[in-house]
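Colleague: First the structure, which I've put down as structure tokens, then a few questions once you've had a look.
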Amino acid sequence: MQIISAAKAIQLLHTTDTITLGFGPAFPIPFMEALGDRDDWQELTIYAAILPAYYDGLSHPKITLRSLFFGPVERHMQAIGADIHYIPADLRRQALFAKKNPTRVFVCAVSPPDNDGYVSLSANATQYENIVACSQDPKRLLIFITTNQLPSTMGYLPDYPHRIHLDDVDFIINEDFSPPMVDDVPLGALETALAHNIRPFIPDRATLQTGFGSIPGAVVKALSQGANGNYGIHSEMFTNGLMHLCKTGKVSNEYKGIFTGISVCAFAMGSAELYEWLHENEQVRFMPPKCINSPAIIAENINMRSINGALMLDLAGQIVADTIDGRQYSGIGGHEDFTSGASMGDDDRSIICLPATVTLNGQLTSRITAQLTAGSIITTPRHQLDIVVTEFGAAEVAGLTTKERAHALAEIAHPQFRDPLHEHAEQTESM
Numbered sequence: 000m001q002i003i004s005a006a007k008a009i010q011l012l013h014t015t016d017t018i019t020l021g022f023g024p025a026f027p028i029p030f031m032e033a034l035g036d037r038d039d040w041q042e043l044t045i046y047a048a049i050l051p052a053y054y055d056g057l058s059h060p061k062i063t064l065r066s067l068f069f070g071p072v073e074r075h076m077q078a079i080g081a082d083i084h085y086i087p088a089d090l091r092r093q094a095l096f097a098k099k100n101p102t103r104v105f106v107c108a109v110s111p112p113d114n115d116g117y118v119s120l121s122a123n124a125t126q127y128e129n130i131v132a133c134s135q136d137p138k139r140l141l142i143f144i145t146t147n148q149l150p151s152t153m154g155y156l157p158d159y160p161h162r163i164h165l166d167d168v169d170f171i172i173n174e175d176f177s178p179p180m181v182d183d184v185p186l187g188a189l190e191t192a193l194a195h196n197i198r199p200f201i202p203d204r205a206t207l208q209t210g211f212g213s214i215p216g217a218v219v220k221a222l223s224q225g226a227n228g229n230y231g232i233h234s235e236m237f238t239n240g241l242m243h244l245c246k247t248g249k250v251s252n253e254y255k256g257i258f259t260g261i262s263v264c265a266f267a268m269g270s271a272e273l274y275e276w277l278h279e280n281e282q283v284r285f286m287p288p289k290c291i292n293s294p295a296i297i298a299e300n301i302n303m304r305s306i307n308g309a310l311m312l313d314l315a316g317q318i319v320a321d322t323i324d325g326r327q328y329s330g331i332g333g334h335e336d337f338t339s340g341a342s343m344g345d346d347d348r349s350i351i352c353l354p355a356t357v358t359l360n361g362q363l364t365s366r367i368t369a370q371l372t373a374g375s376i377i378t379t380p381r382h383q384l385d386i387v388v389t390e391f392g393a394a395e396v397a398g399l400t401t402k403e404r405a406h407a408l409a410e411i412a413h414p415q416f417r418d419p420l421h422e423h424a425e426q427t428e429s430m
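Throughout the sequence shown, residue numbering follows numbering that gives the first Met the number 0, covering 0 to 430 in sequence.
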């Protein structure tokens with residue numbers, strides 16, 4: 000292991016090379032800031048997801064970005080015609096893709112090493128297998144960037160220690176930089192109404208998974224203020240909202256059925272308060288997606304409740320959650336994993352929540368449509384659907400006929416669109 004600067008690390012790259020960057024809070028910001036200081040690339044391919052900012056080096060004509068999850072930066076790059084390509088994959092399969100197409104270089108942010116020389120992978124276990132494989136391959140380079148602003152977190156022994164010894168790292172960059180953060184989003188009337196309609200489906204002792212965004216945040220806030228408790232957490236992402244729920248004393252993890260006594264997740268993304276709270280917190284354990292996102296493992300939880308968003312769905316129950324008009328908007332993540340896993344047991348429920356409308360080009364448009372437009376890309380198929388919630392109510396569609404579910408979905412649409420949707424539902428025979 001050698002200690003170097005970010006500028007020196009950039010010089011370790013070949014003019015034709017492949018790099019994987021750490022995901023979420025593990026994104027190596029100083030490394031990417033230094034990338035723009037070099038311009039002799041012949042063919043540099045970068046694998047990343049949800050860039051926290053646009054970096055000058057990415058404008059080089061010989062740099063290609065392959066993204067596993069789009070955010071605002073990737074959408075902007077796509078809009079201006081940059082060389083960026085989306086890789087369709089749920090979170091579980093990303094490790095498989097990395098194994099089949101390993102990059103020569105892996106760079107990620109981590110917390111500083113402990114007294115025994117072990118480096119915690121901090122708030123990201125999504126790339127655990129890739130990091131371990133890189134550390135054991137002498138032909139590959141593993142570069143860690145340490146920062147005191149990332150927490151030292153724990154894995155699940157003995158299989159997933161969630162740490163790497165310095166002897167297995169090629170280079171260390173020490174820079175005390177701020178990792179990507181997501182602050183709490185103020186809740187409005189829409190989020191509060193959606194949370195109100197979701198709340199009856201979450202009983203005492205439920206095991207929770209919440210997706211990213213203001214609506215899941217509103218649900219968790221409602222739970223923290225409600226009468227029930229003894230919740231468990233089994234979530235792909237650990238959020239600010241889940242932290243606040245833990246702080247109220249309503250999370251015991253005693254009634255989960257699997258991984259009892261601890262909250263488990265694949266990564267955390269949130270505020271500085273969240274990262275500080277996670278530091279050496281033995282009550283939260285980080286595990287790879289093949290464990291957290293496995294539908295079979297998810298289903299082992301008792302009273303599992305999955306809460307995820309959608310952009311649009313049709314009366315057949317087909318969910319569009321990561322594209323708009325056929326163009327990539329975000330990513331698949333664990334959407335289908337949890338929608339499936341959280342509805343496999345007779346005590347489990349999967350909840351899809353979305354606002355009933357969206358304003359497009361100044362015109363109010365229903366997110367619940369009779370049929371999806373040509374070119375729409377399905378994130379989760381209709382047979383996985385259990386409960387759909389809007390600000391106008393909840394539709395429990397699992398086990399209903401195509402006509403019954405179409406009417407149930409029409410009923411929770413905005414009143415302005417409800418009648419024509421019911422008319423279409425009445426004509427439904429087989430979809």
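Built from N, CA and C at the ideal position, the CB exists for glycine as well.
(1) Determine the burial state of residue 326: buried for a count of at least 16 other Cβ atoms within 10 Å of its Cβ, exposed for fewer.
(2) Under a three-way DSSP split, which group does residue 105 fall into?
(3) Residue 404 and residue 316 - do their beta-carbons sit closer together than 8 angstroms?
(4) Does residue 197 come out as helix, strand or coil in the three-state DSSP assignment?
(5) Just confirm the distance between the C-beta atoms of residue 241 and residue 191, as a whole number of angstroms; I'd bet it's less than 8 angstroms.
(6) Just to check, is the beta-carbon of residue 52 closer than 7 angstroms to a non-hydrogen atom of the ligand MG?
(7) Using the three-state DSSP reduction, which class does residue 47 fall into: helix, strand or coil?
(8) Indicate the three-state DSSP secondary structure (helix, strand or coil) for residue 328 in the structure shown.
(9) Rounded to whole angstroms, what is the Cα-Cα separation between residue 148 and residue 118?
(10) Following the continuous alpha helix (DSSP H) through residue 96, name the residue where it begins and the one where it ends.
(11) Give the C-beta separation of residue 70 and residue 83 to the nearest angstrom, bearing in mind that I take them to be a contact with Cβ-Cβ under 8 angstroms.
(12) What is the C-beta distance between residue 90 and residue 235, in whole angstroms, given that I count them as a contact (C-beta under 8 angstroms)?
(13) Entirely within the segment 356 to 398 and at least 3 residues each: give me those beta strand (DSSP E) ranges in chain order.
(14) State whether the segment 335 to 353 contacts the segment 294 to 308, with contact taken as three or more CB pairs (one from each stretch) at a distance under 8 angstroms.
(15) Per DSSP, what kind of secondary structure is residue 236 in: helix, strand or coil?
(16) Compute the Euclidean distance between the alpha carbons of residue 46 and residue 67, then round it to the nearest angstrom.
(17) For residue 289, which of 320, 337, 282 and 252 has the nearest alpha-carbon?
(18) Cα separation between residue 298 and residue 262?
(19) Should residue 135 be labelled buried (16 or more other beta-carbon atoms within 10 Å of its own) or exposed?
(20) Do you know how far the Cα of residue 378 is from the Cα of residue 269?
(21) Quick check: the Cα distance between residue 79 and residue 58, rounded to an integer number of angstroms?
(22) Residues in its own chain within less than 7 angstroms of residue 27 by CB, not counting five upstream and five downstream?
(23) Which same chain residues, not among the five before or five after residue 181, have their C-beta less than 6 angstroms away from its C-beta?
(24) If you pair each beta-carbon of the segment 405 to 422 with each one of the segment 389 to 396, do three or more pairs fall below 8 angstroms?
(25) Assuming contact is defined by CB atoms lying nearer than 8 angstroms, are residue 124 and residue 101 in contact in what I supplied?
(26) What's the call for residue 13, buried or exposed, on a 16-neighbour Cβ count within 10 Å?
(27) Tell me which residue opens and which closes the beta strand (DSSP E) that residue 308 is part of.
Modeller: The answer reads as follows:
(1) exposed
(2) strand
(3) yes
(4) Three-state DSSP puts residue 197 in a helix.
(5) So it is not a contact: roughly 19 angstroms between Cβ atoms.
(6) Ligands in the displayed structure: none, and consequently the ligand MG is not present.
(7) strand
(8) coil
(9) 14 angstroms
(10) 90 to 99
(11) With a Cβ gap of about 12 angstroms, residue 70 and residue 83 do not count as contacting.
(12) Correct: roughly 6 angstroms between the Cβ atoms.
(13) Segments of the beta strand (DSSP E) lying fully in the segment 356 to 398: 356 to 359, 362 to 365, 386 to 389 and 392 to 395.
(14) yes
(15) strand
(16) Rounded to whole angstroms, the gap between the alpha carbons of residue 46 and residue 67 is 8 angstroms.
(17) 337
(18) 16 angstroms
(19) Flag for residue 135 reads exposed.
(20) 25 angstroms
(21) Looking at the two C-alpha atoms, the distance is approximately 11 angstroms.
(22) 20, 21, 106, 107, 108 and 144
(23) 268 and 269
(24) yes
(25) no
(26) exposed
(27) First-last of the beta strand (DSSP E) with residue 308: 303 to 308.
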